[in-house]
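What follows is a set of notes on a single structure, which appears directly below.
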Amino acid sequence: MSTVVGIIMYVLLAPLLAGLLVGLGAFISAHLQGENPPHILESFRKLLGLFREPWTEADSRQKLLCILRVALILTGGSILFAGGNLALSILLLLFTEFIKIYNPYSIESKSLEQNHEPMELERDLAAFGTFSCQMLLTAAGLYCFTAYISDRGSFLAADLISAGTAPALYLPAMLVGLIALLLFGRNTGFAVGKEKSSFSGKEQAFLEIGNWYRVIALYAVLFLFNYGGTVFSAVVSVGICLLVWFLALLLQKPHSRQPKSVSIAAVSTILMIASFVNLLILLP
Numbered sequence: 003m004s005t006v007v008g009i010i011m012y013v014l015l016a017p018l019l020a021g022l023l024v025g026l027g028a029f030i031s032a033h034l035q036g037e038n039p040p041h042i043l044e045s046f047r048k049l050l051g052l053f054r055e056p057w058t059e060a061d062s063r064q065k066l067l068c069i070l071r072v073a074l075i076l077t078g079g080s081i082l083f084a085g086g087n088l089a090l091s092i093l094l095l096l097f098t099e100f101i102k103i104y105n106p107y108s109i110e111s112k113s114l115e116q117n118h119e120p121m122e123l124e125r126d127l128a129a130f131g132t133f134s135c136q137m138l139l140t141a142a143g144l145y146c147f148t149a150y151i152s153d154r155g156s157f158l159a160a161d162l163i164s165a166g167t168a169p170a171l172y173l174p175a176m177l178v179g180l181i182a183l184l185l186f187g188r189n190t191g192f193a194v195g196k197e198k199s200s201f202s203g204k205e206q207a208f209l210e211i212g213n214w215y216r217v218i219a220l221y222a223v224l225f226l227f228n229y230g231g232t233v234f235s236a237v238v239s240v241g242i243c244l245l246v247w248f249l250a251l252l253l254q255k256p257h258s259r260q261p262k263s264v265s266i267a268a269v270s271t272i273l274m275i276a277s278f279v280n281l282l283i284l285l286p
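With my numbering applied, the sequence shown covers 3 to 286.
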């Protein structure tokens with residue numbers, strides 16, 4: 003019964019929560035820039051307007067990829083919220099990232115020559131590699147955590163919840179790596195950013211709703227890192243998620259000073275090495 007409830011909560015409540023945070027983020031950003039803030043529910047109105055628009059001239063393969071990406075994100079997130087296999091959920095989310103950058107039939111561009119410079123493509127592939135490595139290390143680390151706590155390794159999110167202690171206490175390097183990924187990772191925030199200019203109509207609507215579901219799943223993984231089986235730890239976990247979201251919002255806005263790509267790459271490499279060392283220490 004709890005499995006069904008978890009799936010229903012994710013499918014129905016995830017876009018509501020994400021949409022509210024999108025609206026709240028736009029409201030805060032407008033205040034910081036001295037502009038008139040939009041209504042907090044404006045993001046829902048825009049999304050409904052996009053779904054009412056017709057498809058563009060994209061071929062059937064691109065339309066299929068748009069729908070497939072949302073379906074895979076929904077599947078991966080539902081597995082996670084149902085207490086299922088975390089590794090499978092992460093693999094599905096990683097596959098949706100591959101769909102986004104796959105050329106020439108990606109949902110992000112109609113052809114490599116039109117929308118992707120070689121340097122930009124290399125950057126996207128490097129970002130995908132960093133994202134994949136950190137998320138796979140996270141799944142492996144959580145498996146080793148359950149093995150260390152209960153002498154039986156498990157990828158099930160339900161086993162992590164019932165462990166009785168927060169994985170962050172044993173995996174601090176991986177926690178920092180995951181937070182850095184949410185702060186600086188490619189398209190992990192609620193703002194769609196440059197993607198909005200590459201789409202129109204239903205393509206953009208499917209892209210944005212997919213991002214909403216995906217980012218809630220990522221923050222759910224962050225919640226699991228800090229949840230220790232008590233009400234207090236749940237409150238702390240939610241607070242950490244909101245703090246990371248707020249910091250990501252500040253870093254993504256025009257008034258903030260953006261870190262250099264080289265610096266982000268260096269920090270990501272250091273954090274991945276630290277996460278790997280953390281994993282080796284925790285190996286049973």
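Even glycine gets a Cβ: it sits at the ideal position worked out from N, Cα and C.
In this text the structure is predicted, and so the values were computed from the model without any measurement.
*When the distance is taken between beta carbons, is M176 closer than 7 Å to G143?*
yes
*Express the C-alpha separation of G85 and E37 in angstroms, rounding to a whole number.*
If I take the Cα positions, the gap works out to 43 Å.
*asked:* Applying the 10 Å Cβ sphere with the 16-neighbour rule, what's the burial state of A207?
replied: buried
*asked:* Here's a check: name, in chain order, each residue in its chain whose Cβ is nearer than 6 Å to the Cβ of A165, leaving out the five neighbours to either side.
replied: Taking A165 as the centre and dropping the five residues before and after it, the same chain places the C-beta of I151 closer than 6 Å to its C-beta, in chain order.
*Within the same chain, show all residues whose beta-carbon is closer than 7 Å to that of F147, passing over the 5 residues directly before and after it, in chain order.*
Hits under 7 Å: P169, Y172, L173, L284.
*So what's N38 in DSSP terms, helix, strand or just coil?*
coil
*Any heavy atom of the ligand SAH closer than 6 Å to the CB of Q254?*
Looking for the ligand SAH in the displayed structure turns up nothing, as the structure carries no ligands at all.
_Just to check my reading of the structure: G78 and S62 have Cβ atoms closer than 8 Å, yes? What is that Cβ distance to the nearest angstrom?_
Wrong, their Cβ atoms sit about 24 Å apart, outside the cutoff.
*May I ask you to list the residues that DSSP assigns as paired with N87?*
Partner(s): L158.
*asked:* Suppose contacts are defined by Cβ-Cβ distances below 7 Å. Is L74 in contact with L94 by that definition?
replied: yes
*Measure from the alpha carbon of A267 to the alpha carbon of each residue in T232, L224, S239, L183, then state which is nearest.*
L183
_Rounded to the nearest angstrom, what separates I42 and V279 at their Cα positions?_
43 Å
*With DSSP collapsed to three states, give me the class of P106.*
Low local confidence applies: a pLDDT of 40 at P106 is under 50, so the model's placement there is unreliable, with the coordinate-based value given in what follows. If DSSP states are grouped into helix, strand and coil, P106 belongs with coil.
*By Cβ distance, which residues of its chain are closer than 6 Å to D126, with the 5 residues on each side in sequence left out?*
I103
*How would you write the range of the alpha helix (DSSP H) that L252 sits in, first residue to last?*
233–254 is the span of the alpha helix (DSSP H), which, as asked, contains L252.
*asked:* Once the 5 residues before and after E44 are set aside, which same chain residues still bring their CB inside 8 Å of it?
replied: Result list for E44: G25, A28, in chain order.
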